[in-house]
Amino acid sequence: MIELPAIPLTGSAAVVVTVFILAGAGVLAAVGARRSELRRRTLWAAGAGLALTVLSWLIIEHVWRPFPDSLPFRIYLAGAVAFFVIAALVLQKGRRLILVIPAVLGVVSTAAVVNQIYQSYPTLRSLDPSPVAVEMSYPEFRDLTRAPQIKGHDAAALVTLPLDATESKFTHRDAIAWIPPVYFSDPEVKLPVIVLLAGNPGAPDQWFNAGGASDTLADYQARHGGVTPIVISVDGTGSFGANPLCINSERGQVQTWLAVDVPAGIREKLRVDPDQSRWTIGGLSYGGTCSLQVLVNHPDSYGAFLNYSGQAELGTGNHRETVDEYFGGSELSFIRANPADQLAEAIREGSTAYTGIAGRFVAGEDDHEAIEDLKMMRKVTSDAGMQTEFLTVHGSHDYKTWRNAFRETLDFAAQRGGLNR
Numbered sequence: 003m004i005e006l007p008a009i010p011l012t013g014s015a016a017v018v019v020t021v022f023i024l025a026g027a028g029v030l031a032a033v034g035a036r037r038s039e040l041r042r043r044t045l046w047a048a049g050a051g052l053a054l055t056v057l058s059w060l061i062i063e064h065v066w067r068p069f070p071d072s073l074p075f076r077i078y079l080a081g082a083v084a085f086f087v088i089a090a091l092v093l094q095k096g097r098r099l100i101l102v103i104p105a106v107l108g109v110v111s112t113a114a115v116v117n118q119i120y121q122s123y124p125t126l127r128s129l130d131p132s133p134v135a136v137e138m139s140y141p142e143f144r145d146l147t148r149a150p151q152i153k154g155h156d157a158a159a160l161v162t163l164p165l166d167a168t169e170s171k172f173t174h175r176d177a178i179a180w181i182p183p184v185y186f187s188d189p190e191v192k193l194p195v196i197v198l199l200a201g202n203p204g205a206p207d208q209w210f211n212a213g214g215a216s217d218t219l220a221d222y223q224a225r226h227g228g229v230t231p232i233v234i235s236v237d238g239t240g241s242f243g244a245n246p247l248c249i250n251s252e253r254g255q256v257q258t259w260l261a262v263d264v265p266a267g268i269r270e271k272l273r274v275d276p277d278q279s280r281w282t283i284g285g286l287s288y289g290g291t292c293s294l295q296v297l298v299n300h301p302d303s304y305g306a307f308l309n310y311s312g313q314a315e316l317g318t319g320n321h322r323e324t325v326d327e328y329f330g331g332s333e334l335s336f337i338r339a340n341p342a343d344q345l346a347e348a349i350r351e352g353s354t355a356y357t358g359i360a361g362r363f364v365a366g367e368d369d370h371e372a373i374e375d376l377k378m379m380r381k382v383t384s385d386a387g388m389q390t391e392f393l394t395v396h397g398s399h400d401y402k403t404w405r406n407a408f409r410e411t412l413d414f415a416a417q418r419g420g421l422n423r
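What the sequence shown shows, in the numbering used here, is residues 3 to 423, in sequence order.
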């Protein structure tokens, strides 16, 4: 297997190269206007590129609305250039062969702009990294009698894990589970569990790809004799672009799924520590908000949480729209579901329901909104009886932050689970 070089795909040099390529592709498409017979078609291509960009903006920002905040303008700008070059490829007869490569580069450069913002792939090598775990189905995992091997050494199993939604009936995608070598070498060991949630849009496998969990766990495993917690990335939305707000509603019984069905399914299919107070639930962005929601509503379901870049308030970016769309216009129903309001009520009542729960709030040092939100939530959770801390890591609202956050907090979750104390 040929390993790709570790050429940076993020940072100032990568940005300069991307801008240069995008500009070059746009110029090559635009020079068609110098020929009188192609001038009108070039203008049509420019109009088509603009129209497609506006249509994309309308769908993403006003119809689909997968993000609580608007996408950065430079994504739409890069997309406009790519749309223009593709339209020119279609419309400029006689120049199609010349424009094939610029069209491809326009699309690739737009993807590069998205990557530079969200930091999914820091280097060229990260697009196709050397495996640190052996991927397999659950039936293949059940048939194993020893740890899988990579280059003659024991490795973790990365298992596609189907879980039943017995109580919630929530439509979901399969989970992805990291099972360390000690699971196979010591049949008596019962490891604690970390349940992870992706963002929105998102998918369970993102934690083991862009999220870098595999590399972090492999490093931890190497330092601790093949031992790590069992880490399972589960579906918290139901599909890539869905946003059920992590509540029980007509969009799905997400709370019941994560608090009841997921732990029950894990205990049924894996040999784990049965004491769920040693388990941790965590996630990034939507998943971070959701992890705290689960513990606030079901404090006996897990013993700790990891909230990376979550929000202080449930929502899709607009409070009134959130209340109308998800709570039938009832502000009271919203308050009963919103963690900050629930915790404030617990403080007023002197409740001890959250005593013993611990958590970590982590934000990227350049994500000022998340810093403000999570500092506030740390205080509220602490006042409600939880043992919580807030910290920042390098990054913004991106995978650089979430990779760093998981690396910084894995020891905390492992120790909560009884490992390496």
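All C-beta atoms in this analysis are idealised placements derived from N, C-alpha and C, irrespective of residue type, glycine included.
If you check the beta carbons only, do residue i and residue j fall under 7 Å apart?
i	j	result
P68	G243	yes
I232	V296	no
A480	A90	A query on residue 480 cannot be resolved here, the shown segment of the chain reaching from 3 to 423 and no further.
Y288	N202	yes
A386	V395	no
Y123	L412	no
V191	A157	no
A261	H300	yes
F86	G49	no
W281	L219	no
P437	G358	In this structure the chain extends from 3 to 423, so residue 437 is not present and cannot be described.
A167	W59	no
R175	P206	yes
Q344	V298	yes
T162	P10	no
G284	C292	no
Y356	M388	yes
R380	T390	yes
L107	A159	no
A47	L93	yes
Does the Cβ of residue i have 16 or more other Cβ atoms within 10 Å, making it buried, or fewer, making it exposed?
i	result
H370	exposed
K95	exposed
T173	exposed
D263	buried
W66	exposed
H155	exposed
R362	buried
Q208	buried
A8	exposed
V256	buried
H64	exposed
V325	buried
F143	buried
N422	exposed
T20	buried
K402	buried
P74	exposed
T354	exposed
N320	exposed
Q278	buried
G331	exposed
D57	A small fix is needed here, since residue 57 is Leu in this sequence, not Asp. Answer is exposed; the Cβ neighbour count stays below 16.
G290	buried
S170	buried
So what does residue i bridge to, in DSSP terms?
i	result
T125	P10
R269	Per DSSP, none; premise fails for R269.
D156	Q151
M138	V161
W180	L160 and V233
Y310	L286 and V364
F392	F363
Quick check on this structure: which residue in the options has the alpha carbon closest to the alpha carbon of residue i?
i	options	result
A35	T44, V29, G28 and A27	T44
I178	S332, S235 and L198	S235
A360	R322, Y304, V92 and K402	Y304
S14	D217, A158, S251 and N117	N117
N340	L393, G419 and N250	N250
I268	L198, G285 and P74	L198
A215	H321, K153, P182 and L421	P182
I4	P131, I100 and T125	P131
S241	T230, V229 and G254	G254
L316	E333, D302 and A306	E333
G397	E270, Q121 and A167	Q121
E410	L393, A372, A25 and S293	L393
P70	S384, I88, A372 and A346	A372
R97	I196, D277, L272 and E39	E39
P265	A200, I349 and P164	P164
S128	V17, I196 and G213	G213
Below 8 Å, how does it come out for the region 305-312 and the region 353-373: are there three or more Cβ pairs, yes or no?
yes
Check whether the region 78-93 touches the region 103-121, taking contact to mean three or more Cβ pairs, one atom from each stretch, closer than 8 Å.
Touching, yes.
Inspect the CB distances between the region 144-157 and the region 184-197 and report whether three or more fall short of 8 Å.
yes
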